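K.L.:
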Amino acid sequence: MLLPFNQIRKIEKNLNCLFFANKTNLTIWDNMLYASLSSPYLIFLNQNTGLFHYLFESVVILNDLNGIKSRFSRSARTYNAHAVIQRRVAQTLVSDVCVPPPQSILEIGCGTGLFTSQLLKKFPQASMTVSDMSSDMLGMTKAKLKNQRPIHYKLLNPEFDPIDEKFDLIGASMVIHWFQNIETALETIRGLLNPGGTFYFSTIGQNCFPEWQLALKSCGLPIGLRLPPPLPGIYKEEQTCVSYPSARAFLKSLKETGANRPRINYTPLAPSQLKAAMTYLDQQESTTVTWHIQYGCIRA
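Residue 27 is where the sequence shown starts when you use the working numbering, and the numbers rise one by one after that.
1. Taking the alpha carbon of L119 as the point to measure from, which residue in S228, P150, V268, L295 has its own alpha carbon closest?
2. According to DSSP, is V201 helix, strand or coil?
3. Taking M159 as the reference, give the member of S96, L212, L300 with the closest Cα.
4. Which residue or residues does DSSP assign as beta-bridge partners of C267?
5. Consult DSSP for E133 and reduce its assignment to one of helix, strand or coil.
6. Report the option in L219, E311, S298 whose CA atom is closest to the CA atom of I324.
7. If we call anything under 9 Å between Cβ atoms a contact, is P256 one with Q239?
8. Look at Q144 and M200 and say whether their C-beta atoms are less than 9 Å apart.
9. Under three-state DSSP, which class holds F227?
10. Select from T167, P258, F186 the residue whose C-alpha is nearest the C-alpha of F214.
11. What number of angstroms, rounded off, separates the C-alpha of Q102 from the C-alpha of S244?
12. Kindly list the residues whose CB is nearer than 8 Å to the CB of S138, restricted to its own chain and excluding five residues on each side of it in sequence; keep chain order.
13. So what's K7 in DSSP terms, helix, strand or just coil?
14. Within 10 angstroms of the Cβ of W55, are there 16 or more other Cβ atoms? Answer buried if so, exposed if not.
15. May I ask you to report which of helix, strand or coil DSSP gives F193?
16. Are the Cβ atoms of G197 and L295 separated by less than 9 Å?
17. In this structure, what does DSSP give as the bridge partners for L219?
18. Measuring alpha carbon to alpha carbon, tell me which of G135, R100, N207 ends up nearest I87.
19. Looking only at DSSP bridge pairs, what is D158 linked to?
20. DSSP three-state label for Y261, please.
21. Would you check if the distance between the CB atom of L251 and the CB atom of C267 is smaller than 9 Å?
22. Hey, out of R114, S157, P126, S121, whose CA is closest to G332's CA?
23. Check whether the Cβ atoms of H318 and E264 lie closer than 9 Å to each other.
Here is the structure:
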């Protein structure tokens, strides 16, 4: 259970518990320790361990969100060259959207605009709001669609940032597996729909990259993939095999699309461990990796 972030901010201020101290050479964990040791309310926190755990878990989540955002921001200019699957999934998802012409549309996690451009073509009369948590990604979409009709751009994460509007149609292509609590986020998004509205999404499934998972397991290594739980509203699944020149090329494609942020509490592999897993995958008959894609639809 997490406190809302606005409450965390108030608690941080009131307790003088500054998790982001103005010390640029400190990691988030150093800042947390620094804040605890320097805070006059350390005894208060120790006596209220529930509050401390809320704060601790929220800082972990905030650190993860910043990590996700920074990786996508760094990959904004390399994304399109490596987003073969993402482009095809966006096309499939928009072709599946079957609703009366919407008056208002919200896209969550626009990235570089692959799904956005398809929505604009399909619903040219709708008022369009496009969002992403990365300003770099949002900027790429703005540049791509600068000659299109007026579009509302918003820098936000719908899982935590308040949204005052409601929409007839909401779409998110290859996004929701990055949410911290997917089930809760889906209910939040459902709440943004007008009566009769619909939310269409695509995401990776639990069986994504089985070849890479097998390579890790065969080497006795943990799996750091962010795989979603069983989700409501799934109406279609597909398995798409993609051949890569090597295991290194596969991992590079994930990095260049910003999709290489591991799950929370995962310890990154040592170089020797990563090399062992890559060698295992390379020694197979072909370096083919299977994408498990799910498509979902949730109605208001």
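We treat Cβ as the ideally placed atom computed from N, Cα and C, and that holds for glycine. Just so we're clear, the structure is a prediction, and the values are computed from it rather than from any experiment.
P.N.:
In terms of the structure at hand:
1. Of the listed residues, the one whose Cα sits closest to L119 is S228.
2. Coil at V201, not helix or strand.
3. Closest option to M159, Cα to Cα, is S96.
4. According to DSSP, which records beta bridges pairwise, C267 is partnered with T316.
5. In this structure, E133 counts as strand in the three-state DSSP scheme.
6. Closest option to I324, Cα to Cα, is L219.
7. Between P256 and Q239, the CB-CB gap reaches or exceeds 9 Å.
8. In this structure, Q144 sits away from M200, with a CB-CB distance that is not shorter than 9 Å.
9. Correct three-state label for F227: strand.
10. The sequence shown places Thr at residue 214, not Phe. The option with the nearest alpha carbon to T214 is F186.
11. One detail in the question is off: residue 102 reads as Ala in this sequence, not Gln. C-alpha separation (whole angstroms): 34 Å.
12. First, the amino acid is wrong: residue 138 is Thr here, not Ser. The beta carbon of T138 is closer than 8 Å to those of A102, Y105, N106, A109, M163, M166, T167, K170 in its chain, skipping five residues each way along the sequence.
13. Nothing about residue 7 can be read from this structure; the chain reaches only from 27 to 326.
14. Note that W55 has pLDDT 42, beneath the 50 cutoff, so the model's placement of it is unreliable and no number is given.
15. DSSP places F193 within a strand segment (E or B) once states are collapsed to three.
16. For G197 and L295, no; Cβs fall outside 9 Å.
17. L219 is bridged to F193.
18. Checking every option, the nearest Cα to that of I87 belongs to N207.
19. Bridge pairing for D158: L181 [DSSP].
20. Correct three-state label for Y261: strand.
21. The Cβ-Cβ distance between L251 and C267 does not fall below 9 Å.
22. In the structure displayed, the chain extends from 27 to 326; residue 332 sits before or after that span and is not available.
23. In contact: H318 and E264 (Cβ atoms closer than 9 Å).
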